[in-house]
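Asker: I have a structure here, written as structure tokens, and I will follow up with some questions on it.
Numbering (our numbering), first residue to last: 437 to 678.
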């Protein structure tokens, strides 16, 4: 059994762990900072607050439904480390947009016409970011870790994700919105630097053309998954957990 301490010190694992930790933290810091500020500082009715919270949740989650099959194909057919670098660079651009929205809202400038649309745009883009990064952070582990290390590595990634979610939520309610705007940009930059340290992870199978038709590829993925009962039950269990 491989100890977690050994993996954390490993060059094969640490950059990925830090990158996914910062990504999950940033998702929740931005999302909660935006929702808390808009709900408590912009809208004055419970109906409007509830509506905005529902819209924000939908904007973040919809990319997972639409693009999961595409992201899985890319994780199988392309170098995972290269995808990580592209995704984390995009996160910087996304957080610049989201941070601008937070700053405009803080200053009370065009809150409903510019600030909120910018923040929702960034939130949806972060949903896309997480959709493409999610499959990679698990699929890359068997390529960088020994067989006996994969279980410990997966556990660390899961634990790091939950800690980051909790930390992002807490920090969002603790700091002022202008500091949140700065924090999400800085966190994205640090995540990009750590992502560049992830070792190469070329595809393990012969690359095939990627099916960009999201509906067809999603149906094919579900159909193929149902043929393997163990995989299907594992997916269902994880889905119900979340």
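Cβ atoms here follow ideal geometry from the backbone N, Cα and C, with glycine treated the same way.
What is the DSSP secondary structure of residue 466, reduced to helix, strand or coil?
Answerer: If you number the chain shown from 1, residue 466 lands on position 30. Residue 466: helix per DSSP, three-state reduction.
Asker: Using alpha carbons as the reference points, say which of 445, 606 and 453 lies closest to residue 577.
Answerer: Taking the chain shown and counting its residues from 1, the one referred to as residue 577 is at position 141. Proximity to residue 577 across 445, 606 and 453 peaks at 453, based on C-alpha coordinates.
Asker: May I ask you to report which of helix, strand or coil DSSP gives residue 611?
Answerer: Numbered from 1 along the chain shown, position 175 holds the residue referred to as residue 611. Residue state, collapsed to three classes: coil.
Asker: I'd like to know whether the C-beta atoms of residue 469 and residue 608 end up nearer to each other than 8 Å.
Answerer: In the chain shown, the residue the question calls residue 469 occupies position 33. In the chain shown, the residue the question calls residue 608 occupies position 172. For residue 469 and residue 608, yes; Cβs fall inside 8 Å.
Asker: Taking 8 Å as the cut-off, decide whether the C-beta atoms of residue 496 and residue 467 are in contact.
Answerer: Within the chain shown, the letter at position 60 stands for residue 496. Within the chain shown, the letter at position 31 stands for residue 467. Between residue 496 and residue 467, the C-beta gap is smaller than 8 Å, which places the two residues in contact.
Asker: Evaluate contact between the segment 631-647 and the segment 500-519, counting only Cβ atoms and requiring at least three cross-stretch pairs below 8 Å.
Answerer: yes
Asker: Would you call the CB atoms of residue 561 and residue 537 closer than 8 Å?
Answerer: As a position in the chain shown, residue 561 is number 125, starting the count at 1. As a position in the chain shown, residue 537 is number 101, starting the count at 1. Taking 8 Å as the Cβ cut-off, residue 561 and residue 537 do not qualify as a contacting pair.
Asker: From residue 541 to residue 547, what distance separates their C-alpha atoms?
Answerer: Locating residue 541 in the chain shown gives position 105, where the first residue counts as 1. Locating residue 547 in the chain shown gives position 111, where the first residue counts as 1. Cα to Cα, the separation comes out at about 5 Å.
Asker: Which residues bound the alpha helix (DSSP H) around residue 579?
Answerer: For the purposes of this step, residue 579 is taken as residue 143 along the chain shown, with counting starting at 1. From DSSP, the alpha helix (DSSP H) with residue 579 extends over 577-580.
Asker: Compare the C-alpha of residue 502 against each of 552, 568, 526 and 551 and name the closest.
Answerer: The sequence position of residue 502 within the chain shown is 66, counting from 1. Residue 568 is the option with its Cα nearest to residue 502.
Asker: Quick check on residue 538 - is its C-beta less than 8 Å from some C-beta in chain B?
Answerer: Any reference to chain B falls outside this structure, which holds one protein chain only.
Asker: Would you say residue 458 and residue 627 are within 8 Å of each other, going by their C-beta atoms?
Answerer: Looking up residue 458 in the chain shown gives position 22. Looking up residue 627 in the chain shown gives position 191. It is a contact, given that the beta carbons lie within the stated cut-off.
Asker: Looking at residue 680: is its Cβ nearer than 8 Å to the Cβ of residue 654?
Answerer: In this structure the chain extends from 437 to 678, so residue 680 is not present and cannot be described.
Asker: Shortest alpha-carbon distance to residue 599 belongs to which of 634, 463, 441 and 581?
Answerer: Indexing the chain shown from 1 puts residue 599 at position 163. Comparing Cα positions, the closest option is 463.
Asker: Nearer than 7 Å: is that true of the beta carbon of residue 480 relative to any heavy atom of the ligand MG?
Answerer: Among the components of this structure there are no ligands whatsoever, and the ligand MG is therefore not found.
Asker: Of the residues 617, 481, 634 and 595, which one's Cα is nearest the Cα of residue 581?
Answerer: Here residue 581 is taken as the residue at index 145 of the chain shown, counted from 1. Answer by Cα proximity: 634.
Asker: Report yes if the CB atom of residue 590 is closer than 8 Å to the CB atom of residue 574, and no otherwise.
Answerer: Numbered from 1 along the chain shown, position 154 holds the residue referred to as residue 590. Numbered from 1 along the chain shown, position 138 holds the residue referred to as residue 574. Taking 8 Å as the Cβ cut-off, residue 590 and residue 574 qualify as a contacting pair.
Asker: Give the single residue among 519, 493, 571 and 617 whose Cα lies nearest to the Cα of residue 539.
Answerer: Reading the chain shown from its first residue, position 103 is the one you call residue 539. In this structure, 617 is the residue among 519, 493, 571 and 617 with its C-alpha nearest to the C-alpha of residue 539.
Asker: Count the other CB atoms, across all protein chains shown, that sit within 10 Å of the CB of residue 592; report buried if there are 16 or more and exposed otherwise.
Answerer: For the purposes of this step, residue 592 is taken as the residue at position 156 of the chain shown. By the neighbour-count criterion, in which 16 or more other beta carbons inside 10 Å mark a residue as buried, residue 592 falls on the buried side.
Asker: Exposed or buried, residue 379, counting other C-beta atoms within 10 Å across all chains shown (16 or more means buried)?
Answerer: What is shown of the chain runs 437 to 678, which leaves residue 379 out entirely.
Asker: Taking only runs that begin and end inside the segment 481-568, name each unbroken beta strand (DSSP E) of 3 or more residues, in chain order.
Answerer: none
Asker: Are the CB atoms of residue 621 and residue 531 within a distance shorter than 8 Å?
Answerer: Taking the first residue of the chain shown as 1, we reach residue 531 at position 95. Taking the first residue of the chain shown as 1, we reach residue 621 at position 185. Going by C-beta atoms, residue 531 is nearer than 8 Å to residue 621.
Asker: Starting from residue 651 and walking both ways along the alpha helix (DSSP H), at which residues does that stretch end?
Answerer: Taking the chain shown and counting its residues from 1, one reaches residue 651 at position 215. Segment 650-662, the alpha helix (DSSP H) holding residue 651.
Asker: Using only the alpha-carbon positions, how far apart do residue 437 and residue 443 sit?
Answerer: Here the question's residue 437 lines up with position 1 in the chain shown. Here the question's residue 443 lines up with position 7 in the chain shown. No answer about residue 437 holds up, because its pLDDT of 47 lies below 50 and its placement is not dependable.
Asker: Three-state secondary structure (DSSP) at residue 673?
Answerer: On the chain shown, residue 673 is found 237 positions in, with the first residue counted as 1. The answer is helix: DSSP assigns residue 673 an H, G or I state.
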